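Protein chains: 2
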Amino acid sequence: MTDLKRVERRAGVALWRQIADRIREAISRGDFDESGMVPPELVLAGQFGVNRHTVRSALAALAQEGIVQAVQGRGTLIVRKERFNFPISRRTRFTEGIGDQARDLQGLLLSSEIEPADPEVARWLALEAGTPVVRLEALRKADGRAVSRSTAWFPAERFKGIGEVFARSGSITEALAALGLGDYLRSVTEISATHAETADIAALELTPGAILLVTRAVNTDLSGVPIQYAVTRFPADRVQFTIAS
Amino acid sequence: MTDLKRVERRAGVALWRQIADRIREAISRGDFDESGMVPPELVLAGQFGVNRHTVRSALAALAQEGIVQAVQGRGTLIVRKERFNFPISRRTRFTEGIGDQARDLQGLLLSSEIEPADPEVARWLALEAGTPVVRLEALRKADGRAVSRSTAWFPAERFKGIGEVFARSGSITEALAALGLGDYLRSVTEISATHAETADIAALELTPGAILLVTRAVNTDLSGVPIQYAVTRFPADRVQFTIAS
DNA sequence: TTAAATTTGTTCGTATGTATC
DNA sequence: TGATACATACGAACAAATTTA
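Line order of the protein sequences matches chains A and B.
Heads up, the first sequence is in full-length UniProt numbering, so the first residue is 1 and it goes up one at a time.
Heads up, the second sequence is in full-length UniProt numbering, so the first residue is 1 and it goes up one at a time.
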């Protein structure tokens with residue numbers, strides 16, 4: 001607690017930013033490790049010699065960074081993170097990729113519908129816009145934690161019943177195999193990062209403002225014909241990617 | 001402006017969240033396209049029938065998402081984004097990778113020092129901890145926009161003068177070539193995402209709370225000996241990655 | 001060039017609601 | 001049930017940066 005002294009007013013740097021920095025440092029020093037929580041807002045306000053709102057601004061910034069999580073009625077918890085490592089290669093498969101790192105893997109079908117391909121989906125799948133495609137919404141959990149929320153499109157002609165098959169197995173690889181596709185390859189993966197939107201926050205059990213790693217990927221059959229285009233959102237504090245060349 | 005009516009107090013959803021959603025929708029509808037800015041906070045507060053602080057909370061959330069950027073004295077600008085695409089492969093090279101997409105590329109040396117390898121750096125470079133390494137801090141710009149901030153380590157025995165050479169050419173590839181390494185390969189790339197810290201916010205000219213894509217990568221010479229370990233931070237709203245398998 | 005008006009940024013005060021213990 | 005602690009909202013004042021007159 002040695003560092004939680006009064007804050008001097010410095011020109012140019014807002015009080016709440018200075019306080020956020022001090023709390024961040026105190027956390028990384030392990031000052032609050034016994035309790036696993038930050039002291040109550042009013043206590044911090046007293047120690048820093050500022051109003052409680054100023055402390056709240058600082059804690060809100062740290063919550064945005066994912067360092068702490070405020071829980072109404074209890075206090076502000078310090079968040080500890082361990083990331084799953086998700087390998088990306090020509091033979092990327094979700095279940096195999098994370099399998100080693102988790103005891104319990106679940107693939108949950110949220111919905112499955114046939115719809116006409118919009119221009120973007122058509123482009124990725126090398127189809128005419130308007131061609132029927134199956135849209136499959138899925139959520140994956142590892143050891144009970146949601147690790148990805150994906151939206152995948154398949155040509156409907158070839159993979160009409162993939163929703164039902166995936167619902168049973170929870171694995172795209174197995175579902176494709178059941179529909180006669182024994183093997184497939186990853187052709188393109190795009191990776192970007194954004195803030196989570198409302199729907200994903202709910203599905204992935206995130207705090208508002210959480211960061212998502214987003215992949216846009218195409219899988220093809222062995223002759224190079226696109227069979228799947230998927231947009232997958234991974235909580236950035238739970239997942240990282242590895243590309244082994 | 002049709003949607004900017006009074007907000008009803010609904011149980012369960014905070015006012016500022018409802019307002020953030022309404023402003024986000026109005027922006028994506030293009031309601032403010034003529035000016036490129038959101039109306040002043042006091043105007044919004046009046047239209048929504050709430051206090052200015054409530055509007056500020058909503059705008060702060062949108063700023064976190066990177067949708068808007070507030071500028072003191074001017075107003076709150078709507079941010080338009082276009083991302084550079086950075087390909088990652090066995091032959092990843094920064095300059096070649098982004099070269100097509102930008103007219104003007106700059107590689108700036110921030111500092112270059114020789115230091116003993118800490119355990120992590122030593123592990124990635126397959127050296128004994130404490131072995132001298134060159135640490136090179138660099139900033140890269142494309143068309144005047146900062147696109148990456150990297151910290152790279154090289155075995156000092158082999159690449160002692162790389163700082164000076166990089167300072168002249170602005171290219172790691174050229175610097176390595178000048179030191180006798182004609183070709184090299186990317187062996188591992190790890191990708192994660194976090195919030196930017198203070199130092200990177202300044203160097204990359206970001207707004208606080210911006211998201212960074214972070215790569216940890218190892219390059220080796222043609223016989224597989226590690227020659228470079230680099231941690232590179234890319235602003236997520238300016239860069240995305242592509243892995244072509 | 002200067003001054004005023006506009007607009008966002010920060011801080012404090014106060015009150016009330018809601019969840020946890 | 002009451003105490004504690006975070007969540008939301010309103011009000012007021014002033015600072016700082018920018019634009020406009």
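Glycine is no exception: its CB is placed at the ideal position from the N, C-alpha and C atoms.
Every value quoted in this text rests on a predicted model; they were computed, and no experiment measured them.
inquiry  = For a minimum of 3 consecutive residues, which ranges assigned as the beta strand (DSSP E) are wholly contained in the stretch 160-208 of chain B?
reply    = The qualifying runs are 185-195.
message = With H, G and I counted as helix, E and B as strand and the rest as coil, what does DSSP make of S89 (chain B)?
response = Translated into positions along the second sequence, residue 89 (chain B) becomes position 89. Correct three-state label for S89 (chain B): coil.
query = Among B:F48, B:L109 and B:L213, which residue has its Cα nearest to the Cα of R238 (chain B)?
reply = Here residue 238 (chain B) refers to the residue found at position 238 of the second sequence. Distance from the Cα of R238 (chain B) is smallest, within the candidate group B:F48, B:L109 and B:L213, for B:L213.
query = What is the C-beta distance between L108 (chain B) and A117 (chain B), in whole angstroms, given that I count them as a contact (C-beta under 8 Å)?
reply = The residue you call residue 108 (chain B) lines up with position 108 of the second sequence. The residue you call residue 117 (chain B) lines up with position 117 of the second sequence. Not a contact, Cβ separation roughly 24 Å.
ask   = Terminal residues of the continuous beta strand (DSSP E) containing I78 (chain A)?
value = Against the first sequence, residue 78 (chain A) aligns to sequence position 78. In this chain, the beta strand (DSSP E) harbouring I78 (chain A) covers G75 to I78.
query = Is the CB of Q69 (chain B) under 8 Å away from at least one CB in chain A?
reply = For the purposes of this step, residue 69 (chain B) is identified with residue 69 of the second sequence, where counting begins at 1. Answer no: the Cβ-Cβ gap between Q69 (chain B) and chain A never drops below 8 Å.
message = So, with DSSP's three-state summary, where would you put F241 (chain A)?
response = Indexing the first sequence from 1 puts residue 241 (chain A) at position 241. In the three-state reduction of the DSSP assignment, F241 (chain A) falls in the strand class.
ask   = Could you give the distance in angstroms between the alpha-carbon of I201 (chain A) and the alpha-carbon of G130 (chain B)?
value = Here residue 201 (chain A) refers to the residue found at position 201 when the first sequence is read from its first residue. Here residue 130 (chain B) refers to the residue found at position 130 when the second sequence is read from its first residue. Rounded to whole angstroms, I201 (chain A) to G130 (chain B) spans 44 Å at the Cα level.
query = DSSP on P39 (chain A), reduced to helix/strand/coil?
reply = Locating residue 39 (chain A) in the first sequence gives position 39, where the first residue counts as 1. When DSSP states are grouped into helix, strand and coil, P39 (chain A) belongs to the coil group.
ask   = Looking at the C-beta of M1 (chain A), does it have a partner C-beta in chain B at a distance below 8 Å?
value = Against the first sequence, residue 1 (chain A) aligns to sequence position 1. Reliability of the predicted coordinates at M1 (chain A) is poor, the pLDDT of 45 falling under 50, and the value obtained from them is presented with this limitation in mind. No, M1 (chain A) lies away from the interface with chain B (no Cβ there is under 8 Å from its Cβ).
query = Grouping DSSP H, G and I as helix and E and B as strand, with all else coil, what is A210 (chain A)?
reply = Against the first sequence, residue 210 (chain A) aligns to sequence position 210. Assigned with DSSP and collapsed to three states, A210 (chain A) falls in coil, not helix or strand.
ask   = Tell me which same chain residues have a C-beta within less than 6 Å of the C-beta of W16 (chain B), skipping the five on either side of it?
value = In the second sequence, the residue the question calls residue 16 (chain B) occupies position 16. Contacts found: T54, S57 and A58.
message = Assuming E113 (chain B) is part of the beta strand (DSSP E), what are its boundary residues?
response = Taking the second sequence and counting its residues from 1, one reaches residue 113 (chain B) at position 113. E113 (chain B) -> beta strand (DSSP E) spans L105 to P116.
query = When you check each C-beta in the stretch 195-219 of chain A against every C-beta of chain B, which residues fall closer than 7 Å?
reply = Going along the stretch 195-219 of chain A in chain order, one finds H195, G209, I211 and L213 with a Cβ nearer than 7 Å to chain B.
key: N- and C-terminal bounds of the beta strand (DSSP E) containing S28 (chain B)   = Here residue 28 (chain B) is taken as the residue at index 28 of the second sequence, counted from 1. Here S28 (chain B) belongs to no beta strand (DSSP E); instead the alpha helix (DSSP H) covers L15 to R29.
ask   = Counting along the chain, where does the alpha helix (DSSP H) carrying R56 (chain A) start and finish?
value = Within the first sequence, numbered from 1, the residue matching residue 56 (chain A) stands at position 56. Element bounds for R56 (chain A): R52 to E65.
ask   = A142 (chain A) and I98 (chain A): beta carbons closer than 8 Å?
value = As a first step, residue 142 (chain A) is located in the first sequence; it is residue number 142 there, counting from the start. As a first step, residue 98 (chain A) is located in the first sequence; it is residue number 98 there, counting from the start. Yes. Within cutoff.
Stretch pair the stretch 213-226 of chain A + the stretch 183-202 of chain A: three plus CB contacts closer than 8 Å = Because the criterion of three Cβ pairs below 8 Å is met, the stretch 213-226 of chain A and the stretch 183-202 of chain A touch.
ask   = From B:I78, B:Y229, B:D104 and B:L204, pick the residue whose C-alpha is nearest to that of G170 (chain B); which is it?
value = To locate residue 170 (chain B), count along the second sequence from 1; it is residue 170. Of B:I78, B:Y229, B:D104 and B:L204, the smallest CA-CA separation from G170 (chain B) is found for B:D104.
task = Consider the Cβ of Q64 (chain B): report whether some Cβ of chain A lies at a distance smaller than 8 Å.
result = Here residue 64 (chain B) is taken as the residue at index 64 of the second sequence, counted from 1. It does: the Cβ of Q64 (chain B) has a partner Cβ on chain A nearer than 8 Å.
request  = Determine the closest residue to L204 (chain B) out of B:L139, B:L42, B:T95 and B:L179, with distance taken between C-alpha atoms.
outcome  = In the second sequence, residue 204 (chain B) corresponds to position 204, counting from 1. Put simply, of B:L139, B:L42, B:T95 and B:L179 the residue whose alpha carbon is nearest the alpha carbon of L204 (chain B) is B:L139.
task = Could you tell me which of A:G163, A:Y229 and A:R90 sits nearest to P119 (chain A), measuring between CA atoms?
result = Counting from 1 along the first sequence, the entry for residue 119 (chain A) is found at position 119. Restricting attention to A:G163, A:Y229 and A:R90, the CA atom closest to the CA of P119 (chain A) is found in A:Y229.
query = Who are the near neighbours of T2 (chain B) in its chain, counting only those whose CB is closer than 6 Å to its CB and skipping five residues on each side?
reply = Against the second sequence, residue 2 (chain B) aligns to sequence position 2. Residue confidence is low: T2 (chain B) scores 42 on pLDDT, short of 50, so the model does not pin down where it sits. Its coordinate-derived value is still stated next. Nothing meets the Cβ criterion.
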